[in-house]
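In this text, residue positions in the sequence shown follow the numbering used here: the first is -5, and each later residue adds one.
Notes to accompany the following structure.
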Amino acid sequence: MATTNFRIDGRSLLWSFCLVLVLVSMAVHQLRYSMYLIPFAALLAVVSTLRIKIPTPTLPFLAYAIAGAITVPLGGELGFKDCYFVFSGIALSLAFTNPIRFSWIKYLLPVAFIASIVGAITLRGWHGLEFDLLDSSSSIESTGSFVCGLFAVVALARSRWILFLIATLASLLLLKRAALLGIAVCIPFALLPDRKAKQLLSSPVMVLVNLVAVAFAVKYAIGDLDSVITALTGKSANEIGLGRQLLQSEAANSIVGNAHYILYGNGVGTAYATFLGKFGQGDANMHSDALKMIYELGLVFFLTFIWLGYRARTLEAKMLFLYSNLIFYFDNTIIYSFYLFFLLSMQMLDQDDRELKQGSHAPCSQ
């Protein structure tokens, strides 16, 4: 028993150390590379236990990292960076069973929220308080909004309504509209019976849903929806998307014009070349992981990625991937190591308790 307690304490200590790296990266722009030390911490854990785990929630991101490694010769340095960023977010989950418990969230939420505000200030400076939801403008706007959204989804799945409201408010104040939309999309599934919600969030159903979503995303990017959007909103499609249509149009037109994108893409990292040629920015992003993944790895891989993501067994884990799935159409969160760190931590909450209930069965993830 003493050995088991030591093992659990060791995991908690290492996870907490990696959490500090993540929070420092979020809070201090100049130290944003701190979280890329996580794979070395994970390696230390693997060496000490001589075991590697592959929990179900890691599968889509592990597949992406492997695909990125295979296509590095095509994507070059930028492809390697994308691959390493994703691996940094999932490495610790491959090393040991997640020690985090739901009771920790009431402490993690304010810490992540404060780190996000500090990060926004260290990145852009402080020029007074500003907040405009309709124009998506805030002096404390931060990608930490996506993390607070994860906490909101977990609280929603567990019917912890006060925590849900607080986490949603935190996400709102950090102002990423995609995060708020993701939270809203998850609400109906929390209200449905578990069995029905799980059926709707099954891999086959969600692959079909994503096929439709991809069609709309491509049509938006190439301008087929311009007249409809302008008629409904009085604004241009590019304005509604905060410039995303212009950013995504080059890749979307390539996808439409070349059938090979159904089976394979150009390699992880190659999408950046479109920005270098069109905008003179080689490290910019098209703010759509979905289109970027199709452009770089093909539609078949993207749908496989989606299939793997919805293999999660608990409704809570499925809802967290649904939330992320929606964000994939509006931002480039898959290369946010801190986001993947929190996503997988939330998907594997209370994992120790689940493994104890399984008794002598081999550990398995949600």
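Think of the CB as a built atom: it goes at the ideal place given N, C-alpha and C, for glycine as much as any other residue.
Cβ distance (whole Å) where residue i is taken to contact residue j below 8 Å
i	j	result
A306	T50	6 Å
F55	L334	6 Å
T298	A57	7 Å
A35	F74	Contact flag wrong, Cβ pair sits at about 20 Å.
S139	A173	5 Å
F336	V141	5 Å
L285	A215	7 Å
I160	S136	Contact doesn't hold; Cβ gap of about 17 Å is too wide.
R152	F96	7 Å
S362	A146	It is not possible to answer for residue 362, since the shown part of the chain is limited to -5 through 360.
L150	C180	6 Å
L157	K100	7 Å
Residue i, buried or exposed, once every other Cβ within 10 Å from all chains shown has been counted against 16
i	result
W9	buried
N319	buried
I288	buried
I241	One detail in the question is off: residue 241 reads as Leu in this sequence, not Ile. L241 comes out buried.
S230	exposed
D188	exposed
L293	buried
T227	exposed
A253	exposed
L169	buried
E244	buried
D126	exposed
V80	buried
T(-2)	In this prediction, T(-2) has a pLDDT of 39, which is less than 50 and means its spatial position is unreliable; what the coordinates show is noted afterwards. By the 10 Å Cβ count, T(-2) comes out exposed.
V208	buried
S205	The sequence shown places Leu at residue 205, not Ser. Exposed is the call here.
M(-5)	Any reading at M(-5) must be qualified, since the residue scores a pLDDT of 40, below 50, and its modelled position is unreliable; the value itself is stated next. That one is exposed.
Y255	buried
Residue interval of the alpha helix (DSSP H) (run including residue i)
i	result
M313	L309 to I321
R118	I99 to R118
L148	This sequence places Val at residue 148; Leu is not what is there. First-last of the alpha helix (DSSP H) with V148: G138 to A151.
I249	R238 to G251
I134	It is not in any alpha helix (DSSP H) - I134 carries neither H nor E in the DSSP assignment.
A284	D283 to L291
E233	A231 to I234
M340	S331 to Q341
S42	I32 to T43
A225	D220 to T227
7 Å CB neighbourhood of residue i in its chain, flanking five on each side removed
i	result
S82	M29, Y30, I32, P33 and S331
F315	G303, Y304 and A306
R154	none
F0	Confidence at F0 is low in this model, with a pLDDT of 37, below 50, so its placement is unreliable and no value can be given for it.
E124	S131, S132 and S133
T43	F90
I223	A231 and I234
I329	D76, F79 and V80
Y323	A207, A211, S282 and A284
L15	S28, M29, L31 and I32
V40	I46 and A89
Spatial neighbours of residue i in its chain, beta-carbon cut-off 8 Å, leaving aside the 5 residues before and after
i	result
K47	S87, L88, A89, F90, T91 and P357
G251	none
L53	L302, G303 and R305
Q193	V199
H355	Any reading at H355 must be qualified, since the residue scores a pLDDT of 46, below 50, and its modelled position is unreliable; no value is offered.
Residues of its chain near residue i, where Cβ-Cβ distance is below 6 Å and the 5 sequence neighbours each way are ignored
i	result
R238	H281
G69	G261, V262, G263 and T264
S6	P93
A191	F183 and L309
A279	Checking the sequence, you will find Asn at residue 279 rather than Ala. The residues are N326.
L17	A109
H23	T116 and L117
V148	M340
Inset, instruction - Scan the stretch 169 to 198 and note each continuous alpha helix (DSSP H) run of 4 residues or more that stays entirely inside, going in chain order. - result: The DSSP assignment places complete alpha helix (DSSP H) segments of no fewer than 4 residues inside the stretch 169 to 198 at 171 to 185 and 188 to 194, in order along the chain.
Legend entry - Complete runs of the alpha helix (DSSP H) confined to the stretch 52 to 83 [at least 4 residues]: The DSSP assignment places 53 to 64 as complete runs of the alpha helix (DSSP H) inside the stretch 52 to 83, in order along the chain (cut-off: 4 residues).
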